[in-house]
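S.K.: Chains as they are written, first to last, in the numbering used here: chain A, -14 to 200; chain B, 193 to 613. Sharing a structure, written as structure tokens. Questions coming.
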Amino acid sequence: MRVVLAEDLFLLRDGLVRMLEAFDFEIAAAVESGPELTKALAELAPDVAVVDVRLPPSHTDEGLQCALAARRARPGLPVLVLSQHVEQLYARELLADGNGGVGYLLKDRVFDAEQFVDAVRRVAAGGTAMDPTVIQQLLARRGVEEPLGGLTPRELEVLELMAQGRSNAAIAGQLVVTERAIAKHTSNIFLKLGLPVSDDDNRRVLAVLRYLDSR
Amino acid sequence: MGTRARSAVVAGLRGLALAVVGFAGSVTLFVLTVLSLAFVLLGVGALTTPWILDLVRHWANWRRAVAAEWCGVRIPAAYRPFPADLPGGVLGQVTRCRLMLGDPATWRDLRWLPVDMTAGFATALLPAALVLYPVEGYALAAGLWRVFTDGTHIGWWYAFVPVSGQGTALLAALLATVFLGVALFVAPALLKAHFQLTRAVLVPADGELAERVRVLTDTRKDAVDTSAAELRRIERDLHDGAQARLVAMGMDLGTIEALIEKDPAKAKEMVARARRSSADALTELRDLVRGIHPPVLAERGLGDAVRALALRLPVSAEVGVETAGRADAPVESAAYFAVSEALANVVKHAGADRVWVDIRHEDGRLRIAVTDDGRGGAAVEAGGGLAGIERRLGTFDGVLAVSSPAGGPTMVTMEIPCVLS
Chain A
-14 MRVVLAEDLF LLRDGLVRML EAFDFEIAAA VESGPELTKA LAELAPDVAV
36 VDVRLPPSHT DEGLQCALAA RRARPGLPVL VLSQHVEQLY ARELLADGNG
86 GVGYLLKDRV FDAEQFVDAV RRVAAGGTAM DPTVIQQLLA RRGVEEPLGG
136 LTPRELEVLE LMAQGRSNAA IAGQLVVTER AIAKHTSNIF LKLGLPVSDD
186 DNRRVLAVLR YLDSR
Chain B
193 MGTRARSAVV AGLRGLALAV VGFAGSVTLF VLTVLSLAFV LLGVGALTTP
243 WILDLVRHWA NWRRAVAAEW CGVRIPAAYR PFPADLPGGV LGQVTRCRLM
293 LGDPATWRDL RWLPVDMTAG FATALLPAAL VLYPVEGYAL AAGLWRVFTD
343 GTHIGWWYAF VPVSGQGTAL LAALLATVFL GVALFVAPAL LKAHFQLTRA
393 VLVPADGELA ERVRVLTDTR KDAVDTSAAE LRRIERDLHD GAQARLVAMG
443 MDLGTIEALI EKDPAKAKEM VARARRSSAD ALTELRDLVR GIHPPVLAER
493 GLGDAVRALA LRLPVSAEVG VETAGRADAP VESAAYFAVS EALANVVKHA
543 GADRVWVDIR HEDGRLRIAV TDDGRGGAAV EAGGGLAGIE RRLGTFDGVL
593 AVSSPAGGPT MVTMEIPCVL S
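Shown next as structure tokens:
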């Protein structure tokens, strides 16, 4: 799987390259600025891009803007955005085109190499990987106003993991229950939220986020 | 020569306009003000005076603008600002009257009105006369003299030339040429003299500059105190938080080094703990950064930073932004934290369901309104959150106004003079 990596700090770039290579990714390019990233995305057509939000020369949200522009040019181009902080505002912008294949994670998530690599693979496959912080904020805010259509605490837990972009199998693994139990929980959640069931992972996460979004 | 002639003619016409409009305006306003002030003794004047003094201020401000535009004469205005918590209705009007009459700038305006309608009128009319009077001389020479005389007696005086026939009419034309020559050289200077006269009467005295310096010194002291306190808080947070966690992590790593062969299971447990410590340290640093300068503010500016803030609120918030460009970083930061404090107040005290934030930039001012549908009753009290906002804005000459009747709604308005880039 070919990856374009954009990160301006040498140490982090180097670390990410080594980590991804260790997990059998092919690094098509590792760049350190916005213009270089735009060029690499256009010319190398990678399977997935891993991008830092803040990049030179502007040192603002150049990385995010480049990624969004590249996705406008090539809809569905898988992009995983990394940031020192996560904001719902940016998560929404990434999800806005509804094409899937996006991720938005805190840089800290690379501490757990396997989970991080799993997120990269999920995004490359057209799924989503949203940082738990974003999802928790969404749920917490929602929680104050209404009890999410009367979800049980367990269902809330499942919804949170689902919204991060995990598959039923992964959720089952994390919560140490069978996949069948999770399937039952998810269909209950969809029922209570009034969402049509779909077996497309990406669509179901978008639907969840949309629901949380529509107020 | 061409430009000189043009500027002389322009000065003449402007002088004429100024003389006519200026005289009419100043006389009217002077009479109105004197009447209104006389009626203050009867009580009614207290209601009309602020209104008329407002007109006077507009009038003076218009002349300040004209002076700067036409002749480059800059006349600073130094009206004292009204306090933000001015009540409405009759009581507010009386307070305004008192405040306006206590402002030395008001009395400078009132002194200027009679000066403007006499000396000001003359200095404005002079360039006009110098430019326009020669026209009459030429008209006489061109045959206008026949209207006044049949050539046997003195029918008209052009300045000191008695016009009694074609000969003397030509003499008048000669004098007109002299006038015109003088006008070419002095008309613009005369118009400028008019504005300098205005400036001499309207310019603030040194005492007020001292007052201004005092206010600036106060706000600077506030700013310095606040930032010193902020630095102490940051130092303490770093010391007790991230720094302590990194030390703990270092110790854990040392223990792991010793344990790794003796007791691998225990070492593995400690590795997990060290990783948690580093994650916690990062979280704390992130929170600290958000408290110093929020990342979205740095990346996107005030509008999106407030939008991001609104997304984290537990109440439903609508954010409207109408600004083209970004303000200076310190202004943006002050505005952001002011809005943040105002929203925190809404969440804590207002019991509101909805809140609206409106950010716009107009007339060289950043205007922000935070409105909620809560229970109202908010006030600027010493040591309270709103007083903190006021101090924060004060550093940038910004002002805060709070309208919060019991039962709501509450509207907090902030204004900071600034330019966008």
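Here a beta-carbon is modelled for each residue, glycine too, at the ideal position from N, C-alpha and C. Everything numeric in this text was worked out from a predicted model, so none of it was measured.
Work out the CA separation of ARG107 (chain A) and VAL33 (chain A) for me, nearest whole Å.
M.R.: Position 48 of the first sequence, counting from 1, holds the residue named residue 33 (chain A). Position 122 of the first sequence, counting from 1, holds the residue named residue 107 (chain A). Going by the C-alpha atoms only, they are around 10 Å apart.
S.K.: Any contact between the segment 309 to 324 of chain B and the segment 199 to 218 of chain B? By contact I mean 3 or more CB pairs, one from each, below 8 Å.
M.R.: Touching, yes, given that three or more Cβ pairs across the two stretches are closer than 8 Å.
S.K.: How would you label LYS207 (chain A), buried or exposed, when you count the other beta carbons within 10 angstroms and need 16 or more for buried?
M.R.: In the structure displayed, chain A extends from -14 to 200; residue 207 (chain A) sits before or after that span and is not available.
S.K.: Leaving out five residues on either side along the sequence, give the residues of the same chain with a beta carbon under 6 Å from the beta carbon of LEU480 (chain B).
M.R.: To locate residue 480 (chain B), count along the second sequence from 1; it is residue 288. Cβ within range, chain order: ASP429.
S.K.: Skipping 5 residues on each side, what residues in its chain have a beta carbon closer than 6 Å to that of ALA385 (chain B)?
M.R.: By one-based count along the second sequence, residue 385 (chain B) stands at place 193. Within the same chain, ALA385 (chain B) has close Cβ partners THR315.
S.K.: Could you tell me which whole alpha helix (DSSP H) segments of length 4 or greater appear in the segment 63 to 144 of chain A?
M.R.: Segments of the alpha helix (DSSP H) lying fully in the segment 63 to 144 of chain A: 73 to 80, 98 to 109 and 117 to 130.
S.K.: Does any CB atom of chain A fall closer than 8 Å to the CB of LEU291 (chain B)?
M.R.: For the purposes of this step, residue 291 (chain B) is taken as the residue at position 99 of the second sequence. With 8 Å as the cut-off, LEU291 (chain B) does not count as an interface residue toward chain A.
S.K.: Tell me whether THR602 (chain B) is buried or exposed, calling it buried when 16 or more other Cβ atoms sit within 10 Å of its Cβ.
M.R.: Working through the second sequence from its first residue, we reach residue 602 (chain B) at position 410. The residue in question, THR602 (chain B), is buried, as its Cβ has 16 or more Cβ neighbours within 10 Å.
S.K.: Name the DSSP bridge partner or partners of PRO609 (chain B)?
M.R.: Here residue 609 (chain B) is taken as the residue at index 417 of the second sequence, counted from 1. According to DSSP, PRO609 (chain B) bridges with B:ARG557.
S.K.: Which two residues bound the contiguous beta strand (DSSP E) that contains ARG255 (chain B)?
M.R.: Taking the first residue of the second sequence as position 1, residue 255 (chain B) is located at position 63. Counting along the chain, ARG255 (chain B) falls outside any beta strand (DSSP E), though it belongs to the alpha helix (DSSP H) covering 237 to 263.
S.K.: List the DSSP bridge partners of ARG546 (chain B).
M.R.: Here residue 546 (chain B) refers to the residue found at position 354 of the second sequence. Paired residue(s): B:SER508.
S.K.: Would you mind reading off the limits of the beta strand (DSSP E) that contains TYR528 (chain B)?
M.R.: Indexing the second sequence from 1 puts residue 528 (chain B) at position 336. It is not in any beta strand (DSSP E) - TYR528 (chain B) instead sits in the alpha helix (DSSP H) that spans 521 to 537.
S.K.: Between B:MET443, B:LEU477 and B:HIS485, which has its C-alpha nearest ARG465 (chain B)'s C-alpha?
M.R.: If you number the second sequence from 1, residue 465 (chain B) lands on position 273. Of the listed residues, the one whose Cα sits closest to ARG465 (chain B) is B:MET443.
S.K.: For PHE464 (chain B), decide whether its Cβ has a neighbour in chain A, counting only Cβ atoms nearer than 8 Å.
M.R.: Position 272 of the second sequence, counting from 1, holds the residue named residue 464 (chain B). A quick correction: the sequence has Ala, not Phe, at residue 464 (chain B). By this cut-off, ALA464 (chain B) is not an interface position.
S.K.: From GLU582 (chain B) to LEU474 (chain B), what does the alpha carbon distance come to, in whole angstroms?
M.R.: To locate residue 582 (chain B), count along the second sequence from 1; it is residue 390. To locate residue 474 (chain B), count along the second sequence from 1; it is residue 282. Spanning the two alpha carbons is a distance of roughly 33 Å.
S.K.: Following the continuous alpha helix (DSSP H) through VAL378 (chain B), name the residue where it begins and the one where it ends.
M.R.: For the purposes of this step, residue 378 (chain B) is identified with residue 186 of the second sequence, where counting begins at 1. Its alpha helix (DSSP H) spans residues 358 to 394.
S.K.: Going by other Cβ atoms of all chains shown within 10 Å of its Cβ, with 16 needed for buried, is ALA571 (chain B) buried or exposed?
M.R.: On the second sequence, position 379 is the one that residue 571 (chain B) refers to. The residue in question, ALA571 (chain B), is exposed, as its Cβ has fewer than 16 Cβ neighbours within 10 Å.
S.K.: Is it right to say ASP398 (chain B) is buried, meaning 16 or more other beta carbons lie within 10 angstroms of its own, or is it exposed?
M.R.: The residue you call residue 398 (chain B) lines up with position 206 of the second sequence. Exposed: under 16 other Cβ atoms inside 10 Å.
S.K.: Can you check whether the CB of TYR271 (chain B) is closer than 8 Å to the CB of ASP295 (chain B)?
M.R.: Looking up residue 295 (chain B) in the second sequence gives position 103. Looking up residue 271 (chain B) in the second sequence gives position 79. In contact: ASP295 (chain B) and TYR271 (chain B) (Cβ atoms closer than 8 Å).
S.K.: Kindly say whether GLN159 (chain A), judged by its beta-carbon, lies nearer than 8 Å to any beta-carbon of chain B.
M.R.: What you label residue 159 (chain A) is simply residue 174 of the first sequence in a count that begins at 1. Judged by the 8 Å Cβ criterion, GLN159 (chain A) is not in contact with chain B.
S.K.: Under the three-state reduction of DSSP, which class applies to ALA351 (chain B): helix, strand or coil?
M.R.: If you number the second sequence from 1, residue 351 (chain B) lands on position 159. If DSSP states are grouped into helix, strand and coil, ALA351 (chain B) belongs with coil.
S.K.: Return the CA-CA distance between ARG3 (chain A) and CYS610 (chain B), expressed in angstroms with no decimal places.
M.R.: As a first step, residue 3 (chain A) is located in the first sequence; it is residue number 18 there, counting from the start. As a first step, residue 610 (chain B) is located in the second sequence; it is residue number 418 there, counting from the start. C-alpha separation (whole angstroms): 48 Å.
S.K.: For GLY135 (chain A), collect the residues of the same chain with a Cβ closer than 7 Å to its Cβ; drop the 5 residues on either side in sequence, then sort them by chain order.
M.R.: Taking the first residue of the first sequence as position 1, residue 135 (chain A) is located at position 150. Answer for GLY135 (chain A): LYS177, listed in chain order.
S.K.: Does the segment 241 to 254 of chain B come within contact of the segment 280 to 299 of chain B, defined as at least 3 CB pairs closer than 8 Å?
M.R.: Short answer: they touch.
S.K.: I believe VAL209 (chain A) touches LEU67 (chain A) by the beta-carbon criterion, under 8 Å. Please report the beta-carbon distance rounded to the nearest angstrom.
M.R.: Residue numbering for chain A in the displayed model covers -14 to 200; residue 209 (chain A) lies beyond these limits and cannot be assessed.
S.K.: If you follow the alpha helix (DSSP H) that GLU491 (chain B) is part of, which residue opens it and which one closes it?
M.R.: The residue you call residue 491 (chain B) lines up with position 299 of the second sequence. Note, GLU491 (chain B): alpha helix (DSSP H), 487 to 492.
S.K.: Relative to the C-alpha of ALA114 (chain A), which residue among A:ALA81, A:ALA125, A:ALA76 and A:ARG165 is closest?
M.R.: As a working note, residue 114 (chain A) is residue 129 in the first sequence. When each option's Cα is compared against that of ALA114 (chain A), the closest is A:ALA76.
S.K.: What residues match up with MET603 (chain B) in a beta bridge as DSSP calls it?
M.R.: Counted from its first residue, the second sequence places residue 603 (chain B) at position 411. DSSP output for MET603 (chain B) lists B:THR563 and B:SER595 as bridge partner(s).
S.K.: Report yes or no: is there a C-beta of chain A within less than 8 Å of the C-beta of ALA440 (chain B)?
M.R.: Taking the second sequence and counting its residues from 1, one reaches residue 440 (chain B) at position 248. ALA440 (chain B) does not count as touching chain A.
S.K.: Does any residue of chain B have a CB that is nearer than 8 Å to the CB of GLU(-8) (chain A)?
M.R.: As a first step, residue -8 (chain A) is located in the first sequence; it is residue number 7 there, counting from the start. Judged by the 8 Å Cβ criterion, GLU(-8) (chain A) is not in contact with chain B.
S.K.: Go to GLU11 (chain A), then tell me how far its beta strand (DSSP E) extends in each direction, as first and last residue.
M.R.: Within the first sequence, numbered from 1, the residue matching residue 11 (chain A) stands at position 26. Here the beta strand (DSSP E) through GLU11 (chain A) covers 11 to 16.
S.K.: Quick check: the segment 546 to 555 of chain B against the segment 495 to 512 of chain B, are at least 3 beta-carbon pairs closer than 8 Å?
M.R.: Because the criterion of three Cβ pairs below 8 Å is met, the segment 495 to 512 of chain B and the segment 546 to 555 of chain B touch.
S.K.: In the DSSP assignment, find the unbroken beta strand (DSSP E) run with VAL(-11) (chain A) in it and report its ends.
M.R.: Reading the first sequence from its first residue, position 4 is the one you call residue -11 (chain A). Counting along the chain, the beta strand (DSSP E) containing VAL(-11) (chain A) begins and ends at -13 to -9.
S.K.: If I measure Cβ to Cβ from TYR325 (chain B) and keep anything under 6 Å in the same chain, skipping five residues before and after, which residues do I get?
M.R.: Sequence index remark: in the second sequence, residue 325 (chain B) carries index 133 (1-based). Counting only Cβ-Cβ distances below 6 Å, and skipping sequence neighbours, we find PHE371.
S.K.: Nearest-angstrom Cα distance between PRO487 (chain B) and LEU283 (chain B)?
M.R.: Position 295 of the second sequence, counting from 1, holds the residue named residue 487 (chain B). Position 91 of the second sequence, counting from 1, holds the residue named residue 283 (chain B). Going from the Cα of PRO487 (chain B) to the Cα of LEU283 (chain B) covers about 46 Å.
S.K.: For VAL488 (chain B), return the contacting residues in chain A, with the cut-off set at a CB-CB distance below 9 Å.
M.R.: Translated into positions along the second sequence, residue 488 (chain B) becomes position 296. By Cβ distance, chain A contributes ASP46, HIS70, GLU72, LEU74 and TYR75.
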